[in-house]
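The numbering used here numbers the first residue of the sequence shown as 1 and each following residue consecutively. Positions of the beta carbon are idealized from the N, C-alpha and C atoms, including for glycine.
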Amino acid sequence: MINVWFFGTPEPAAQILTQIFEAGDFKILAVVAQPDKATGRGHIKEAGAVKVAAEKRGIRVLQPESLLDYNPPLEIPRPDIFIVYQYGLIMPESTLSLAKLGAINLHPSALPRYRGATPLHEAILRGDETIGISIMLMDTKMDHGPILAQTTLELQKDELYETVEARATEAGAKLLIPTARDFYNGKIVPAAQNETVAIFCQRIAKDQGRVNWQKPAREIYNQYRAYHKWPGIFTFWGQKRLKFLKISYDENETSTLVLKPAQVNLINNLLKIGTASGSIAVHELQLEGGKPLKTEQFLAGHRELAGAILK
């Protein structure tokens, strides 16, 4: 049996934990997750998906506020390997050194491309045709350690973030488990990353969802795909935020009515918005303070949107 501590917090990480548990040759000695977070208007603390999954299986769960200067309980045996996916807290050398063979991290990019917190978002924003899956041996630098295994998945041009994340998690689990076995058995020689081609991506801020109509339609559509789960994409109509919940795009607008960037009009019964190149068609939207509506429902009460100039 391979003795493991698993580090992770949200739902995708819980799926990986389940796969490891069901593999049969891993003994999960402990799970380390972020502390429960307060959510909703009542600020009631809720456990993350990893904690819930671990407790259902009777696995000990640790939830330190920080791993800096953290000493885990002595009664929990030190593992052969740490397995890490979407944990979310810095792991110092003092923690990494607790595992006999080190910490294995699943990262959804073709490292060293897209190091950082948002690799899938970055790949979608850039219009990449593939996404990478990397299994790496962690060190104290961000996504810097040597590679144990890699694979790629084709990225469909209309896939939303949620679908991409689900496929990456599934593919990651399939690659992670045999890689962990082979690494434990000394069958893998870690390969250093090429530092000269490293690309970093940053955490997403809510305002990054604002649309710049001076960009081409395809880039705006990629922004919609990448930010569909959060924070969404939006513009301003007058003083109110207008959020786009479902859109499509036309790179080569063929209408006789040429739309300028940010100009709105009804074309062939579609609400379209001009961009630097092509147009965006809006199918579902939500005005600040209002409910999500299909476009035809929205226009029944806000006909003046057709012909407006957005900000």
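Answer yes or no: the CB of Lys-45 versus the heavy atoms of the ligand GDP, is any distance below 7 Å?
-> Judged by which ligands are present, the structure shown has none, so any question about the ligand GDP falls away.
Is Gly-172 closer than 8 Å to Pro-108 when the C-beta atoms are compared?
-> yes
List the residues that DSSP assigns as beta-bridge partners of Ala-30.
-> Trp-5
Continuous alpha helix (DSSP H) stretch holding Ser-94: start and end = 93-96
With DSSP as the reference, please indicate the residues paired to Asn-265 in a beta bridge.
-> Lys-272
Ignoring anything shorter than 4 residues or poking outside the segment 161-189, list the alpha helix (DSSP H) runs there in chain order.
-> Listed in chain order, the complete alpha helix (DSSP H) runs (minimum 4 residues) inside the segment 161-189 are 161-184.
For Glu-75, the three-state DSSP class (helix, strand or coil) | coil
Kindly confirm or deny that the segment 139-151 and the segment 183-203 touch, where touching means at least three C-beta pairs closer than 8 Å.
-> yes
Tell me, to the nearest whole angstrom, how far the beta carbon of Gly-132 is from that of Thr-118; I am working on the premise that it is less than 8 Å.
-> Separation of the CB atoms of Gly-132 and Thr-118 is rounded to 14 Å, and the pair is thereby denied contact status at 8 Å.
Rounded to whole angstroms, what's the CA-CA distance from Ala-318 to Ala-166? Just pull it up for me.
-> Examination of residue 318 is not possible in this model, given that the chain is present from 1 through 311 alone.
Mapping DSSP to helix, strand and coil, what is Lys-243?
-> The answer is strand: DSSP assigns Lys-243 an E or B state.
Use the C-beta contact count for Gly-88: other C-beta atoms within 10 angstroms, 16 or more gives buried, fewer gives exposed.
-> exposed
Where Ala-306 and Glu-219 are concerned, what is the direct C-alpha to C-alpha distance, given to the nearest angstrom?
-> 23 Å
Exposed or buried, Trp-230, counting other C-beta atoms within 10 Å across all chains shown (16 or more means buried)?
-> exposed
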